[in-house]
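Residue 99 in UniProt numbering is what sits at position 99 of the sequence shown, and the numbering runs on without skipping anything. For every residue, glycine included, the Cβ atom is placed at its ideal position computed from N, Cα and C. Note that the coordinates shown come from a computational prediction; the quantities given were computed from them, not determined experimentally.
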Amino acid sequence: MYGRGMGRGNGRNRRNQGLGIQGTCYCSNCGYETSHQRGIPCYEMKCPSCGNPLTRKELNTTMKPTINQNTCIGCGKCQNVCPVDAITIENGKANIDIAACAGCRRCVNVCPVNAID
Numbered sequence: 001m002y003g004r005g006m007g008r009g010n011g012r013n014r015r016n017q018g019l020g021i022q023g024t025c026y027c028s029n030c031g032y033e034t035s036h037q038r039g040i041p042c043y044e045m046k047c048p049s050c051g052n053p054l055t056r057k058e059l060n061t062t063m064k065p066t067i068n069q070n071t072c073i074g075c076g077k078c079q080n081v082c083p084v085d086a087i088t089i090e091n092g093k094a095n096i097d098i099a100a101c102a103g104c105r106r107c108v109n110v111c112p113v114n115a116i117d
């Protein structure tokens, strides 16, 4: 009834694969937005206007991030990405100055051990 490759798919289970659109990635610096593509973290995408890493729009809340000191490995990635220098590394652990924090949550996206909520 169907020829090879005609009308029956390719024989693979396509669930959880592909580039389905799920939300928005945006630049907290200039406001640029683009559709989020499954499988590509927003922080790995760069803003074409200003070059900053993008942030998942759903994650941009007014809630300030917190660092789990037991999980933090003190790598400094969060400190490097913070646009307002609110993060310091002290005694091998990251600390956030909540008063200085802009709430952009870029640090959440770059933490390799998910120590920042």
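Top-ranked residue by Cα proximity to residue i, from the options
i: Gly-103; options: Cys-78, Arg-38 and Gly-39; result: Cys-78
i: Leu-54; options: Val-108, Asn-95, Asn-114 and Asp-117; result: Val-108
i: Val-110; options: Ala-99, Ser-49, Ala-94 and Asn-70; result: Ala-94
i: Lys-64; options: Arg-106, Asn-80, Cys-72 and Asn-29; result: Arg-106
i: Pro-48; options: Thr-34, Ala-115, Cys-101 and Ala-86; result: Thr-34
i: Ile-116; options: Lys-57, Gly-76 and Val-84; result: Gly-76
Where residue i falls: helix, strand or coil (DSSP)
i: Gln-37; result: strand
i: Cys-93; result: Rather than Cys, the amino acid found at residue 93 in this sequence is Lys. DSSP places Lys-93 in strand when its eight states are reduced to three.
i: Tyr-43; result: helix
i: Ile-21; result: Only weak support is given to the placement of Ile-21: the predicted model assigns it a pLDDT of 43, under 50, and the question is left unresolved by the model.
i: Arg-56; result: strand
CB of residue i within 9 angstroms of CB of residue j, strictly
i: Asn-68; j: Cys-27; result: no
Contact test: residue i Cβ vs the ligand NAD heavy atom, cutoff 8 angstroms
i: Ser-35; result: As presented, the structure is devoid of all ligands, the ligand NAD included, so that no description of it is given.
For residue j and residue i, believed in contact at Cβ under 8 angstroms, the rounded distance
i: Thr-71; j: Val-113; result: 6 angstroms
i: Lys-46; j: Cys-25; result: Actually they are not in contact, since the Cβ atoms of Lys-46 and Cys-25 sit about 10 angstroms apart, beyond 8 angstroms.
i: Cys-50; j: Asn-29; result: 5 angstroms
Burial state of residue i, where buried means 16 or more other Cβ atoms lie within 10 Å
i: Ala-86; result: buried
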